[in-house]
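Residue numbers (the working numbering): 304 to 550.
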């Protein structure tokens, strides 16, 4: 499954390469383009040009790589109506979401004022084609406490540095309890499905995936994709690095 052939990746990814320039804001830095050899979330390794990255104190929090694009593609694909995104990062997820005709509003909740200040200088959203950036508003707030002032159709949390972390499902449940979104897609959800399936001795087929998600108690998007179990297995094989839950 290659990133370029993947039908989910109709995100206009080449557009974003021209929307970033090197910037610093507090502990955060946007870096100039580089060429890197990297693998995708579920696609094989490839040499990628023009990779931009956002770091904090030297740790990469977000980048324009196949891992990032693929691990957010399902959420963007299903975005409609009012979308709440937790974590601003480089802003490309909010931008890709706003570019969808099915989306009417994007609310981005970010707690770090330095990231918000970086975007005020970068002015990324104002440079999106067709005035798509007008759909986006940034709210300074805590993802675990924020409550919307209008119904939310899709909640997309991405507040974590590692792809896998303990307690993530519980944190998303807390967010969803406050937001009550119609649908949810959280970063790394395929890893969590794989971890919980193995711990419970559940096969990673369509029925097993549905069983695990039912246990989460979250209205997750993705399971209706015909190859979703294959994507889960590919991502887990590439990125789990033995961070499984105890059986």
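Think of the CB as a built atom: it goes at the ideal place given N, C-alpha and C, for glycine as much as any other residue.
All values reported here derive from a predicted model rather than from experimental measurement.
Exercise for the section: Name the two residues that bound the continuous alpha helix (DSSP H) containing residue 499. Expected result: On the chain shown, position 196 is the one that residue 499 refers to. Start and end: 492-503.
Exercise for the section: Inspect the CB distances between the segment 480-488 and the segment 450-463 and report whether three or more fall short of 8 Å. Expected result: yes
Practice task
Give the range of the beta strand (DSSP E) segment to which residue 362 is assigned.
Solution key: Within the chain shown, residue 362 is the residue found at index 59, counting from 1. Its beta strand (DSSP E) spans residues 362-366.
Exercise for the section: Give me the Cα-Cα distance between residue 519 and residue 348, rounded to the nearest whole angstrom. Expected result: Walking along the chain shown from the start, residue 519 turns up at place 216. Walking along the chain shown from the start, residue 348 turns up at place 45. Each residue's Cα considered, the two are about 31 Å apart.
Problem - One or two residues paired with residue 384 in a DSSP bridge - result: Here residue 384 is taken as the residue at index 81 of the chain shown, counted from 1. Its beta-bridge partners are 406.
Handout entry: Beta carbon of residue 365 nearer than 8 Å to that of residue 467
Key = Counting from 1 along the chain shown, the entry for residue 365 is found at position 62. Counting from 1 along the chain shown, the entry for residue 467 is found at position 164. No, they are not a contact pair.
Exercise for the section: Compute the Euclidean distance between the alpha carbons of residue 524 and residue 533, then round it to the nearest angstrom. Expected result: Mapped onto the chain shown, residue 524 falls at position 221. Mapped onto the chain shown, residue 533 falls at position 230. Distance between the alpha carbons of residue 524 and residue 533: 15 Å.
Exercise for the section: Taking residue 415 as the reference, give the member of 441, 535, 478 with the closest Cα. Expected result: Here residue 415 corresponds to residue number 112 of the chain shown, with the count starting at 1. Residue 441 is the option with its Cα nearest to residue 415.
Problem - The beta strand (DSSP E) enclosing residue 417, as first and last residue numbers - result: Mapped onto the chain shown, residue 417 falls at position 114. Per DSSP, residue 417 belongs to no beta strand (DSSP E); it is in the alpha helix (DSSP H), 416-425.
Problem - Rounded C-alpha distance that separates residue 385 from residue 407 - result: Position 82 of the chain shown, counted from the start, is the residue given in the question as residue 385. Position 104 of the chain shown, counted from the start, is the residue given in the question as residue 407. Roughly 6 Å between the two C-alpha positions.
Exercise for the section: Excluding the 5 residues preceding and the 5 following residue 444 in the sequence, name in chain order all residues of the same chain whose CB lies nearer than 8 Å to its CB. Expected result: Reading the chain shown from its first residue, position 141 is the one you call residue 444. Here the set comprises 412, 413, 414.
Exercise for the section: Have a look at the DSSP bridge pairing and note the partners of residue 460. Expected result: Counting from one through the chain shown, the residue named residue 460 turns up at place 157. Beta-bridge pairing links residue 460 to 389.
Exercise for the section: Note down the Cα distance separating residue 330 from residue 511, rounded to an integer number of angstroms. Expected result: Reading the chain shown from its first residue, position 27 is the one you call residue 330. Reading the chain shown from its first residue, position 208 is the one you call residue 511. If you take the alpha carbons of residue 330 and residue 511, they lie about 42 Å apart.
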